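Just so we're aligned: 186 in the numbering used here is position 181 of the sequence shown, and the numbers increase by one with no gaps anywhere. Think of the CB as a built atom: it goes at the ideal place given N, C-alpha and C, for glycine as much as any other residue. Note that this is a predicted model, so its numbers are computed, not measured. Heads up: the structure comes next, in structure tokens.
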Amino acid sequence: MTATLSQKQTSSRPRRIVGIAWAMVSSFFDHVVGRPYREGRLRADGWPKGLKPIATIAVIGYGVAVAGILFSSALRETLPLSVTVGGQYLSFPRPVLWVLMLLLVISIALVQTAVLHVTGWLTAVVTVLTVLVLLFVGSMNIGEETLNSRIATIGVALALIVYTVIRRRFDFAWWDFPAILALLTIAFGTTSLSASALSASLGYDLGPVTVSLMMSTIGQLAVPFAFVAGAAVAQLAATSAVWAVRVVRTQLPSVITLAIGIAALVVWRGWVMTASMLDGDPPKLSHLALAVLLSSLIVGVWLLLARVRGRRDETSVEGIDSSFSAVATPIAAGLAGTLGIVSASLLVAQVAFNYGVPAVPAALSEVVGFLSMSRVVALNRLLVGIFLIVLAIRWARRGRTGTPEILGSIGVVTVMVAANVLPPPFGALWTSEALTIVATVACLALLAFYAAKRALTVTRAAGIAVALLLAALFDQRDFVSDPLGALLGFTGVAFVLFGFVWNLLTTAEYANKGTRRYPLPSRVLIFLAYSLFGVTVLAFAALARDPDAAINLGAFAGVGDQLFGTAIIASALLTVIASVVADRDPAVEPERD
């Protein structure tokens, strides 16, 4: 009898261990991936008739573009490549070109359909851009083929303007999208057929070069989405650090387990910093000083917001993440404001030049050159950063919590990045390694302080563990993009692709409700349009194996990671440290009156 019980207990131990491990993994992924998806996914609730099939077409197109990126290596190996030499070397799997053209047309049709029923200024801006794109596409051919393209695109442009003016008086109807898609297909199709005929007569393939020129010109409109995509890894790192510790505490509720985890984190971070010193590449004192300055300024802004608010409300890391998702796209649009003007100016200049108005391109080239200067871009960032800090103070005065803190953090980071154009010693930036060292030292000092006071509770110890893990993940933000880059064989795309897919799945909350000026169908279509457009531009770069074949979205995602990612991690760290001081769980949103 005793032997039988012993055998049952022995056999149940592996099952118990597997059960605990499965519970830990499932709970972790449920909070880190499942919760953002459930809260931020696109919901087909209250949609008018016909909107769901349109959304299905957009999502299928998105999947096709993602598949083109994931299997870009295989497509280039199996399909015939069109190779172009001259001003720019370009090789591209020719049969896929028409698919990308169709996805581009669908994304333009989506956004044009969306703005039929929104506020007037947005309708006018998007319609003008669409007309410019049509005229630009129709004038890219040369010789006798140009006339057919121009006639078709001018006719389509006029028809589109008339259609927009008439339909603005009515509500959304499902047949708006196929009508606009048909008009755009006529224009793009005529131009493509003309280009193919001209290429056949010359023995020179103009298709990839034409699409590359088009993507380079209008692809700059995808820059705001690349900015936001660059912050996705930082968002994931912040929530991962919180729930990794919380899951361990929940499933393995032992003080010894927590002590071992903290000791392992301390040893790991100490070993990493020591190894950096021994490798002969220690962080420069200037980088450390700038990291301390940045941290101090963000802390100062947070204290100012608490004072303006009249109370020191606390938030959770997930609250910071949700607040960022709500404001990310407008901020990114502001940061890319000069690029939007540059893109529109290039379109106007190309159209004017192709239609024989040489004075306009000459004037606009001066505008493009001026707006492309690093100091002008820095000035734009400086103004955006100051505006965000002022807005954070205003919202804090109204009693809002969470959003002012993330706005203030982004504002401080943006102002410091803008100051990088100044001459030394001001014209320098911190490094991720320097920020990690500053954060790690602060966490260790906090740990020693509470241990010395004998006030190191289990909750405080868990919070310090979260902060140490946050600091570690901030320095190792390639933990997502590196494996994906190895799979793709093209690392310049992996980081952006992850951000695009993450944002598609988790940032559609604003599209699930509508207002009179921005009704729900328009929000849904705008969200799908910019998602599809961004991933289509990225797919072209991946299939061409050249990030500059369209526009280097990876570089702009890096800027987004620097601006947004730094602010997110800094805000998460301050939130966790505040929870340590208050002796509360950093994963739980505090109750409010």
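Query	Result
Collapsed DSSP secondary structure at serine 350 in the structure displayed	helix
C-beta contact flag for alanine 231 and leucine 558 at 9 Å	yes
Sub-9 Å separation of alanine 114 and leucine 189 beta-carbons	yes
Simplified DSSP assignment, three categories, for serine 377	coil
Cβ shell of valine 443 (< 8 Å), same chain only, five flanking positions each side left out	Leu293, Ala296, Val297 and Ser300
Where proline 85 falls: helix, strand or coil (DSSP)	coil
Nearest residue (CA-CA) to histidine 601, options Leu568, Pro526 and Ala577	Beyond the ends of the chain as shown, which are 6 and 598, falls residue 601; an answer cannot be given.
Serine 96 beta carbon less than 9 Å from that of leucine 86	yes
Residue interval of the alpha helix (DSSP H) (run including leucine 568)	No alpha helix (DSSP H) contains leucine 568, which DSSP labels as neither H nor E.
Assigned secondary structure, leucine 302 (DSSP; H/G/I helix, E/B strand, else coil)	helix
Cβ-Cβ distance between serine 377 and threonine 343 below 9 Å	yes
Cα-Cα separation between leucine 578 and alanine 472, rounded to whole angstroms	6 Å
Top-ranked residue by Cα proximity to aspartate 181, from Phe392, Leu302 and Thr169	Thr169
Same chain, Cβ closer than 8 Å to proline 58, five either side skipped, listed in chain order	Trp179
Burial state of proline 229, where buried means 16 or more other Cβ atoms lie within 10 Å	buried
Through-space distance from valine 564 to leucine 601, alpha-carbon basis	Within the shown structure, residues of the chain are numbered from 6 to 598, placing residue 601 beyond reach of any answer.
Reference leucine 80; option with closest CA among Ile574, Ala466, Ala575 and Leu548	Leu548
Endpoints, the beta strand (DSSP E) within which serine 96 is located	95-98
Valine 181, DSSP secondary structure in three states	With the sequence shown as reference, residue 181 is identified as aspartate, and valine is not the correct amino acid for it. Three-state DSSP puts aspartate 181 in a helix.
Rounded C-alpha distance that separates valine 161 from arginine 522	27 Å
Coil, strand or helix - alanine 5 by DSSP	There is simply no residue 5 to check, as the chain begins at 6 and stops at 598 in what is shown.
Beta-carbon proximity of leucine 451 to isoleucine 573, cut-off 9 Å	no
Cβ separation of valine 120 and threonine 132, assumed to be a contact under 8 Å, to the nearest whole Å	7 Å
Buried/exposed call for threonine 571, threshold 16 Cβ in 10 Å	buried
Proximity to glycine 39 [Cα-Cα], best of Ala560, Ala587, Asp588 and Trp507	Trp507
Close beta carbons around valine 347, own chain, < 7 Å, minus the five adjacent residues each side	Gln225, Val373, Leu376 and Ser377
9 Å Cβ cutoff met for leucine 440 and alanine 246	no
Local Cβ density within 10 Å of valine 130, reported as buried at 16 or more and exposed below that	exposed
Which listed residue (Val446, Gly55 and Gly73) has its alpha carbon closest to that of valine 542	Gly73
Cut-off 8 Å between Cβ atoms - residues of its own chain near aspartate 50, not counting five sequence neighbours on either side	Asn517
Cβ-Cβ distance between glutamine 567 and valine 395 below 9 Å	no
8 Å Cβ shell around glutamate 82 - same chain, five flanking residues per side excluded	none
Inter-stretch contact (C-beta, 8 Å, three-pair minimum) for the region 103-112 and the region 531-541	yes
Delimiting residues of the alpha helix (DSSP H) encompassing threonine 118	102-119
Nearest-angstrom Cα separation, counted from alanine 562 out to leucine 140	30 Å
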